[in-house]
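See structure below.
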Amino acid sequence: MENKEILELTTSAWREKVYIETAEYIIKGYVFMPKIGKKSRLLSEILNTSKHFIAVKNCTVESKLVPQKEIESYDFMQVNLATILLMRPLYED
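Under the working numbering, the sequence shown has 210 at position 83, and the numbering climbs by one with no breaks.
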């Protein structure tokens, strides 16, 4: 992806760092939504979409079933909305 394309993506979309919990994993990363409407509704818009998957960028994945397993990192992954038990903003200190 060219630098110009990255700049267009980041300036035309809201970015939110999130904590996502499924039955098997804890995922921490960034979700994006177009800059349409209010930023305060970002997560509810993502969860109430008609799509089945959400994209998560620059994320870590921690296993709940095997806690001693090393935390994995990915540039991009898709998460099935039906598997999400909890999703909330993740504020950095």
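Glycine included, each C-beta is placed from N, C-alpha and C at the ideal position. The structure displayed is predicted, hence computed values, not measured ones.
Identify the residues that DSSP records as bridge partners of residue i: which are they?
{"i": "residue 213", "result": "148"}
Please name the residue, chosen from the options, that lies closest to residue i on a Cα-to-Cα basis.
{"i": "residue 148", "options": "202, 197, 183, 195", "result": "183"}
{"i": "residue 180", "options": "212, 210, 206, 211", "result": "206"}
{"i": "residue 163", "options": "186, 185, 139", "result": "139"}
Less than 8 Å separating the beta-carbons of residue i and residue j?
{"i": "residue 217", "j": "residue 155", "result": "yes"}
{"i": "residue 142", "j": "residue 157", "result": "yes"}
{"i": "residue 188", "j": "residue 201", "result": "yes"}
{"i": "residue 214", "j": "residue 145", "result": "yes"}
{"i": "residue 208", "j": "residue 170", "result": "no"}
Let's see if you can read the secondary structure: which residues bound the beta strand (DSSP E) around residue i?
{"i": "residue 189", "result": "180-190"}
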